[in-house]
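Residues 187 to 684 (this note's numbering) make up the sequence shown, in order. Built from N, CA and C at the ideal position, the CB exists for glycine as well. As the structure is a prediction and not an experimental result, all values here were calculated from the model.
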Amino acid sequence: MQGTRSRRTEANGDGAPSWADGEVAGCDLGDRRLVERLRILLRQLGAAIGQPLPLACQDWAGTKAAYRFFASPRFGEDAVLAGHFTATAARCAASGAAPLLVVQDTTELVYKWAKPGGRVGLLKRAPVWRRGPEGGKAKPFTQCGLLMHSSLVVTPEGLPLGLAAAKFWTRSRFKGTNALKRHVNPTRVPIEEKESMRWLSGLRAATALIGSPDRLVHVGDRENDIYEFFCAAAELGTHFLVRTCVDRLAVAAAGAEVRTTVGAIMAAVPPAGEHTVEVTGADGVVSTARLELRFARVRVLPPWGKQRRWPALDLTIIHAIEPGQPEDRDRLEWKLATDLSVGSVEEAVEKLRWYARRWNIELFHKVLKSGCRVEAARLRATDRLAKLAAVLSVVAWRTFWSAVVARAVPNAPARVALTDDEIAALDAAVPDKPRPGAPACHGEGSAKTLGIYLRKLARLGGHLGRNRDPPPGNTVMWRGWSRLADIALGQSLARRSG
């Protein structure tokens with residue numbers, strides 16, 4: 187039986203070196219065979235992005251092995267991602283001394299087939315309007331699934347280096363938060379008893395993993411406007427950049443006794459300069475918006491119910507607001523808080539651009555859900571779905587990374603992202619497309635750059651590569667990876683039969 191399994195693995199090409207080797211090197215699942223199965227699954231799912239498990243595994247033996255892997259009680263999703271976390275830390279260490287942005291966000295993984303009372307936990311409850319003979323009527327509808335909170339490390343140029351932390355959870359019951367607000371002030375509830383604790387957990391996990399707290403800037407949206415998060419970052423010696431939604435208590439200067447709010451202080455600050463951004467309206471028309479920049483150092487006070495536990499903090503507040511109300515769209519208004527110092531308009535614009543990189547976590551979740559189709563999985567238990575989502579998160583990161591790395595470091599060697607078999611398959615399937623003024627490439631594929639081969643990969647996915655076409659995105663890249671896997675397999679079979 188062992189010989190049969192080895193021959194099958196060799197025939198599928200799973201024994202050859204691949205990108206998955208580096209993402210499982212730091213895994214400890216209690217058995218080396220489980221680690222090998224994880225490596226095979228990463229390679230199979232990466233070669234069949236968006237396809238169900240039976241199609242990716244190709245036969246009943248491989249599919250059954252995958253089902254047993256996800257059903258194993260010997261490890262959880264944290265152990266599945268441990269190797270990827272280690273690889274992320276290595277990539278961060280190799281990226282130099284520049285700042286690194288750790289962007290956090292939460293997404294919902296909805297499984298429409300799951301019913302309340304089953305083995306998949308609750309996600310949310312929402313009214314659904316149904317039309318009838320007596321008019322519209324709202325009926326409660328309960329969705330089941332998982333919540334996933336991700337911490338993605340991104341360079342200031344936008345290159346995703348990998349996940350630094352991830353948390354999966356589900357709800358056994360709804361806590362009635364809106365009803366609770368009528369009896370208890372939410373600000374008086376300890377953060378440890380709230381789901382908001384996930385932001386602090388991601389902060390601590392990412393800081394401990396990368397190990398250079400002063401180099402990290404943790405970026406979050408308005409849901410991350412949590413005073414305990416600011417204090418935790420100060421305790422760890424790391425930095426944060428958060429979009430605010432709360433007009434917090436503040437004093438105008440250190441030592442002042444008159445309390446006011448951050449909004450009142452910033453309203454008295456004169457504009458320091460302007461910044462222009464391009465905005466796409468609902469009709470697809472691109473226009474230019476002019477933002478007035480204000481920034482000031484403000485002493486921010488903790489909420490009333492937490493002033494005995496948490497100290498006051500000196501933060502930099504940045505407001506970038508359009509002076510008027512546009513006619514055809516919403517007014518742009520960014521209000522950011524950071525512990526970093528800002529002394530000029532250029533530094534304020536830099537922080538705005540850093541916050542704009544928060545969109546990378548949205549793109550990562552899009553690849554996970556639309557490309558890898560994690561919500562189409564049919565595994566029937568929460569723990570199994572979480573392990574599958576962890577495996578697909580590594581595949582989604584690699585797909586997202588490949589769409590960005592060609593623009594970030596186009597002159598890097600092709601073997602940074604591709605194996606020798608994949609390079610040979612691209613050379614055979616996609617002929618070189620000469621560019622005006624560019625020298626012709628001859629000889630082995632190793633002489634060609636990563637940018638050239640990733641453009642070939644994008645052409646496999648449907649990117650035309652015309653002069654005025656935008657750079658290839660995630661969709662064409664995951665199509666290209668799937669087609670490349672089929673072409674490489676065909677070449678491998680042809681060599682064996684010849």
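Where residue i falls: helix, strand or coil (DSSP)
i, result
"D291", "strand"
"W664", "helix"
"L427", "strand"
"V437", "strand"
"H461", "strand"
"G529", "coil"
"T466", "strand"
"G676", "helix"
"P512", "coil"
"L574", "helix"
"V595", "coil"
"G631", "Annotation note: pLDDT 41 at G631 (below 50); position unreliable, coordinate value reported separately. Note: G631 maps to helix in three-state DSSP."
"E519", "strand"
"I226", "helix"
"E196", "Legend: pLDDT at E196 = 37, less than 50; position of this residue unreliable, value from coordinates given subsequently. Correct three-state label for E196: helix."
"L308", "strand"
"I235", "coil"
"R601", "helix"
"V375", "coil"
"R682", "helix"
"W154", "Since the first and last residues shown for the chain are 187 and 684, residue 154 lies out of range."
"S579", "helix"
"A671", "helix"
"S535", "Looking at the sequence itself, residue 535 is Val, so the reference to Ser does not match. If DSSP states are grouped into helix, strand and coil, V535 belongs with the helices."
"A542", "helix"
"R584", "helix"
"G557", "helix"
"P658", "coil"
Expected contact under 8 Å - CB spacing of residue i and residue j to nearest Å
i, j, result
"T356", "L308", "7 Å"
"E209", "L228", "6 Å"
"G348", "W583", "6 Å"
"A257", "R570", "6 Å"
"G423", "D433", "About 28 Å; that fails the 8 Å criterion."
"F685", "M334", "No answer is possible for residue 685: it lies beyond the span of the chain, which begins at 187 and ends at 684."
"E414", "I451", "Not quite, the Cβ-Cβ distance comes to about 22 Å (not below 8 Å), so this is no contact."
"A576", "A352", "7 Å"
"G666", "G637", "Contact flag wrong, Cβ pair sits at about 14 Å."
"A156", "G659", "Absent from the structure is residue 156, since the part of the chain shown begins at 187 and ends at 684."
"Q286", "L402", "In the sequence on display, residue 286 carries Leu and not Gln. L286 to L402, Cβ: 6 Å. Contact."
N-terminal and C-terminal residue of the alpha helix (DSSP H) that residue i is part of
i, result
"W449", "Contrary to the premise, residue 449 reads as Gly rather than Trp in this sequence. From DSSP, the alpha helix (DSSP H) with G449 extends over 448-453."
"I547", "545-552"
"A644", "636-646"
"I609", "606-615"
"W385", "383-396"
"V266", "263-280"
"R254", "246-257"
Residue i: first and last residue of the uninterrupted beta strand (DSSP E) it sits in
i, result
"V483", "Sequence inspection shows Arg at residue 483; the Val mentioned does not correspond to that position. R483 -> beta strand (DSSP E) spans 472-486."
"K353", "346-355"
"H649", "It is not in any beta strand (DSSP E) - H649 carries neither H nor E in the DSSP assignment."
"G406", "402-406"
Residues that residue i bridges to, as DSSP identifies them
i, result
"K325", "V314"
"M334", "T293, F354"
"T524", "L427, T502"
"E409", "In DSSP, E409 forms no bridge with anything."
"V210", "Partner(s): none; V210 has no beta bridge."
"V340", "L287, P346"
"R445", "V437"
"I507", "E478, E519"
Residue i: CB within 8 Å of a non-hydrogen atom of the ligand NAD
i, result
"T568", "The ligand NAD is not among the ligands present in this structure, which contains no ligands whatsoever."
At a cut of 8 Å, does the region 470-480 reach the region 447-458 through at least three beta carbon pairs?
yes
Evaluate contact between the region 501-508 and the region 547-566, counting only Cβ atoms and requiring at least three cross-stretch pairs below 8 Å.
no
contact_flag[the region 264-278, the region 386-397] where n(CB pairs < 8 Å) is 3 or more:
yes
Is there contact here, the region 521-533 with the region 297-305, by at least three beta-carbon pairs under 8 Å?
no
Using 8 Å as the threshold, is the region 543-554 in touch with the region 397-417, meaning 3 or more CB pairs across them?
yes
Segment contact, 8 Å Cβ cut-off, at least three pairs: the region 595-613 with the region 668-679:
yes
Do the region 210-224 and the region 246-257 touch if we need at least three Cβ pairs shorter than 8 Å?
Under the Cβ criterion (8 Å, minimum of three pairs), the region 210-224 counts as touching the region 246-257.
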